[in-house]
Structure formats: structure tokens, C-alpha cells
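Shown next, in C-alpha cells, is the structure this report addresses.
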Amino acid sequence: MNLTSAFVNIDPDRCTGCGTCVLVCPSDIISLENRTAHAAPDTDMARCLQCGHCMAACPEKAIDIPALDPGLQDFSAFDPDPAWMPPGKGLPTRELARLICSRRSCRNYKETPVAKETLRDLIHLAVFAPSGTNSQAWTFTCLASRSDVLILGNAVKAFFKGLNRKAENFLLRKALALVGAKTLDHYYRNYYESVRTAIEQMENENRDRLFHGAPAVILIGSSPGASCPKEDALLAAGNILLAAHTMGLGTCLIGYVVAAMAADRSIQKKLGIPDSETIHAAVALGYPNETYQRITGRKRPVIRIF
Ligand SMILES: Cc1cc2nc3c(=O)[nH]c(=O)nc-3n(C[C@H](O)[C@H](O)[C@H](O)COP(=O)(O)O)c2cc1C
Numbered sequence: 057m058n059l060t061s062a063f064v065n066i067d068p069d070r071c072t073g074c075g076t077c078v079l080v081c082p083s084d085i086i087s088l089e090n091r092t093a094h095a096a097p098d099t100d101m102a103r104c105l106q107c108g109h110c111m112a113a114c115p116e117k118a119i120d121i122p123a124l125d126p127g128l129q130d131f132s133a134f135d136p137d138p139a140w141m142p143p144g145k146g147l148p149t150r151e152l153a154r155l156i157c158s159r160r161s162c163r164n165y166k167e168t169p170v171a172k173e174t175l176r177d178l179i180h181l182a183v184f185a186p187s188g189t190n191s192q193a194w195t196f197t198c199l200a201s202r203s204d205v206l207i208l209g210n211a212v213k214a215f216f217k218g219l220n221r222k223a224e225n226f227l228l229r230k231a232l233a234l235v236g237a238k239t240l241d242h243y244y245r246n247y248y249e250s251v252r253t254a255i256e257q258m259e260n261e262n263r264d265r266l267f268h269g270a271p272a273v274i275l276i277g278s279s280p281g282a283s284c285p286k287e288d289a290l291l292a293a294g295n296i297l298l299a300a301h302t303m304g305l306g307t308c309l310i311g312y313v314v315a316a317m318a319a320d321r322s323i324q325k326k327l328g329i330p331d332s333e334t335i336h337a338a339v340a341l342g343y344p345n346e347t348y349q350r351i352t353g354r355k356r357p358v359i360r361i362f
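Using this note's numbering, the first residue of the sequence shown is number 57, and each one after it goes up by one.
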């Protein structure tokens with residue numbers, strides 16, 4: 057039997073047969089034979105998630121997964137600490153809690169651009185989020201200058217102007233509702249007025265009601281093949297929001313962009329994003345022009361302990 061496969065390389069000279077890799081493998085594709093770890097034959101390796109648990113757990117550094125990119129541990133803004141942090145050790149929960157509770161959606165930005173290296177750092181942290189069946193089929197499209205952000209902003213604004221024109225049509229709304237398509241009527245009742253006001257402010261007062269003046273945007277999408285593309289994108293976005301705060305950046309998720317890009321596929325074409333991809337999250341970011349004095353509360357959630 058091969059010790060290695062196209063997915064997992066096991067160095068038999070280093071392997072001591074301790075079995076740690078067998079314990080942590082989620083797919084049961086590593087076994088011990090003659091006190092040495094063996095990867096399953098390539099025919100079974102389709103089950104390998106390439107998650108790297110075996111490689112991370114091996115005390116002898118005997119395992120390598122060629123698909124994993126060590127370059128993702130390179131950061132421009134800080135020196136990474138490559139040591140794994142065991143649960144309960146390292147970062148005090150108090151500090152993490154303060155970070156989680158201090159992050160706010162930023163709606164006032166300085167004009168200072170965000171360096172491309174900083175955006176890359178954020179993406180390197182985003183991809184350490186979990187993803188369904190470890191598909192990691194996310195894509196990141198950065199708009200790193202205000203003029204690029206405005207290309208997207210104008211396309212989204214044009215989409216909502218068109219939607220508002222349709223929604224103003226009483227007969228169209230009611231006719232669609234009669235045949236069961238109630239989306240336009242729902243939009244009219246819940247969003248039409250605020251979108252109309254926002255468009256007016258954008259056009260007459262030069263206020264950026266979409267991106268709040270942010271000098272950069274990261275669009276997080278998925279390529280075909282992801283089992284949970286939306287969840288993956290939002291978990292990646294969560295990493296970006298928190299990491300950005302530690303780097304002095306403010307962020308805001310912009311749901312209107314996702315809605316417009318889902319309904320009008322020509323917008324992503326304008327940005328050079330392949331038609332096969334779908335955008336699930338838009339993160340506006342930049343250096344904040346606002347400060348807060350305190351952490352506030354949240355609404356009381358429903359908590360059940362069954
Ligand atoms: C999926 C999603 C979409 C959002 N879309 C927008 C948006 O289009 N514009 C905006 O200003 N804020 C948007 N937000 C930010 C929320 O309004 C914000 O998270 C919420 O008010 C709580 O405030 P906080 O993030 O400061 O804690 C969005 C948030 C989420 C999670």
C-alpha cells in the first residue's frame with residue numbers, strides 16, 4: 057500500500073505510528089499498518105477533505121498536504137505567530153469579548169485608502185474560517201480605490217432606480233401579486249420609500265448612502281461546487297470584520313449590493329467577475345471617521361436550554 061497519495065504525503069522515516077493522525081482525520085482515510093500511518097488508496101481519497109488536521113496534529117512533522125498554501129501565513133501588517141493556540145490558552149476571553157463587542161458597522165470613513173497588502177492580509181485571515189465540507193470555494197474581489205467603489209455603487213444605484221420605477225406601477229404590483237409573485241409588492245411596502253430617499257440624497261446631495269464613503273470594498277463570492285456557499289462567505293466575512301477592527305479599520309456589510317448583484321448579473325460582469333460565481337457578501341471598509349465611548353447592549357435573544 058502507498059504511504060502517500062495525491063492528497064496526503066506521509067514520510068515513513070518520520071512517522072512513529074503514534075496514531076494521532078488517525079484520531080483527528082474526519083474522513084477515516086488514514087490507517088495504521090505495521091505501526092506506520094498509511095493514506096488510503098487514491099480511489100478512496102476522494103473522501104479526503106484536505107482539511108490538514110492530520111498535518112496539524114502530527115508530532116513528528118511527518119505529514120504534508122501539497123494543496124495547502126503556506127503563503128497564506130504571510131502578512132504585511134504584522135508578524136504572525138505560527139504556533140497553534142490550544143483551547144483555553146493564549147488569548148484571554150476578556151480581550152476577545154471586548155473585540156467582538158466593540159466592532160460596529162462603520163458609516164463614516166476617512167478618505168485614506170486601504171493598502172492592497174492590508175486587503176490581502178484580511179483575505180488570508182478570512183480563509184481560515186470553516187467551510188462546508190472544507191470546499192473553500194470562496195472568491196474575493198477587491199475594489200481598492202474610491203473610483204472602483206463608485207463603479208459598483210453607480211451600477212447598484214441604477215439597479216434600484218429601475219426597481220423603484222417598476223414598484224411605482226400599482227397595476228404591475230397587483231397583477232404580479234395575483235399570480236403569486238408578491239416580491240415586488242413586498243419591496244414596495246418595505247423598501248421603496250427608503251431607497252427612493254437614498255437615491256435622491258446620492259444624486260442631489262452627493263451623499264454616499266450605499267457605501268457611506270468607504271474607500272474599499274471586498275466582495276465575497278463562491279465558485280460552483282461549494283456545499284454551503286452562502287454560509288461559507290458569511291463566516292469568511294465575520295473573520296474580516298473582526299480582524300479589520302484590530303487593524304484600525306471600520307467595516308460595514310452592505311446587503312443592498314448582494315441583492316442587486318443577484319438580480320442583475322450584468323453588475324458582476326462589469327467588475328470582471330465570472331458569470332459562474334455568485335456574490336454573497338459585500339464588505340465596505342476604510343479608516344473610520346467616528347469613535348464610540350462605550351460598548352452598548354443587544355436585544356435580549358431567545359435562549360433555550362432543552
Ligand atoms: C447581512 C447584512 C446586511 C447588511 N446590510 C447593510 C446595508 O446594506 N447597509 C448598512 O448600512 N448596513 C448594513 N448592515 C449592517 C447592520 O445594519 C448592522 O450590523 C446592525 O445594525 C447592527 O449594528 P452593528 O453592526 O454596528 O453592531 C448589514 C448587516 C448584515 C448582517
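Even glycine gets a Cβ: it sits at the ideal position worked out from N, Cα and C.
Here the stretch 329–337 makes no contact with the stretch 129–145; the two share fewer than three CB pairs at distances below 8 Å. By the CB criterion at 8 Å, Thr76 and Pro115 fall inside the cutoff. Burial state of Lys213 is buried, judged by a 10 Å Cβ sphere holding 16 or more other Cβ atoms.
For Tyr247, the three-state secondary structure derived from DSSP is coil. Beta-bridge partners of Glu89 (DSSP): Thr92. Straight across, the Cα-Cα distance linking Gly127 with Lys222 is about 48 Å. Linking Ala337 to Ser132 through their CA atoms gives a straight-line distance of about 24 Å. With 6 Å as the limit, the residues whose C-beta approaches any heavy atom of ligand 1 more closely are Arg160, Ser161, Arg163, Cys308, Leu309, Ile310, Gly311, Tyr312, in sequence along the chain. The same chain holds no residue with a CB closer than 7 Å to that of Arg350 once the five nearest residues on each side in sequence are set aside. When Cβ pairs closer than 8 Å are counted between the two stretches, the stretch 64–76 is seen to touch the stretch 88–105, the count reaching three or more. Nearest in C-alpha terms to Arg176, of all of Ile310, Ala200, Ile359, is Ala200.
Per DSSP, reduced to three states, the secondary structure at Thr347 is coil, with no helix or strand assignment.
DSSP places Ser278 in the uninterrupted beta strand (DSSP E) bounded by 272–278. Trp194 and Gly236 have their C-alpha atoms some 34 Å from each other.
Contact annotation: Val205 and Ala272 have beta-carbon atoms nearer than 8 Å. In this structure Cys107 is buried. Its beta-carbon is surrounded by 16 or more other beta-carbon atoms within 10 angstroms.
Counting only the Cα atoms, Met258 lies some 15 Å from Asn164. Annotated three-state conformation of Thr149 is helix, per DSSP. Note that the stretch 183–190 does not touch the stretch 215–229; fewer than 3 beta-carbon pairs, one per stretch, sit closer than 8 Å.
In terms of Cβ geometry, Ser87 and Cys104 do not form a close pair [threshold 8 Å]. Around the C-beta of Ser278, 16 or more other C-beta atoms lie within 10 Å, and the residue is accordingly described as buried.
Boundaries for Phe215: no beta strand (DSSP E) harbours it, while the alpha helix (DSSP H) harbouring it runs 202–223, taken from the DSSP string. In this structure, the beta-carbon distance from Phe196 to Ala316 does not fall below 8 Å. Assignment of alpha helix (DSSP H) within the stretch 310–359, counting only whole runs of 4 or more residues, yields 311–319, 322–326 in chain order.
Relative to the Cα of Asp320, the nearest Cα in the group Leu208, Ile361, Leu291 belongs to Leu208. In the three-state reduction of the DSSP assignment, Thr72 falls in the coil class, being assigned neither a helical nor a strand state. Of all alpha-carbon atoms in Arg356, Ser283, Asn65, Ile274, the one lying nearest the alpha-carbon of Ala171 is that of Ile274.
Beta-bridge partners assigned by DSSP to Trp194: Ser278. In the displayed model, Asn65 falls within a strand according to three-state DSSP. In the same chain as Glu287, and ignoring 5 residues on each side of it, the C-beta atoms closer than 7 Å to its own belong to Gly188, in chain order.
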